Amino acid sequence: MGWTKYGLAMYIGAILNMIYAFYSLAREEPFLSIILLSNFYIMIYSVANLEAEYSEKIGEAETAVP
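Pasting the structure below:
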């Protein structure tokens, strides 16, 4: 699977967000952890949609007749 530069950047940001969420949980800040984990899932969902849209465009370009 190829990554778009925006998809990869969002994915890396989501992973860093998840790490910080667990760090906040270790510091006993559950409210912040809930917000960060929710943001993590939203970002992963966005990356999946972005990459799916990109692959559809690539598929259309490959099947286009000149």
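Okay, so the sequence shown: first residue is 108 according to the working numbering, each after it adds one.
Glycine is no exception: its CB is placed at the ideal position from the N, C-alpha and C atoms.
Note that the structure is predicted; figures quoted are calculated from it, not measured.
Nonlocal neighbours in the same chain, by C-beta distance under 8 Å from residue i, ignoring five residues either side
i, result
"M125", "L143, L144, F147"
"M117", "M150, S153, V154, L157"
"Y127", "L143"
"E136", "none"
Cβ pair residue i, residue j closer than 7 Å
i, j, result
"L151", "A121", "Note on identity: in this sequence residue 151 is Ile, with Leu being the wrong assignment. The answer is yes: Cβ separation under 7 Å."
"S131", "L139", "yes"
Residues of its chain near residue i, where Cβ-Cβ distance is below 6 Å and the 5 sequence neighbours each way are ignored
i, result
"Y161", "T111"
Residues near residue i in its chain [Cβ-Cβ closer than 7 Å; skip 5 each side]
i, result
"Y113", "L157"
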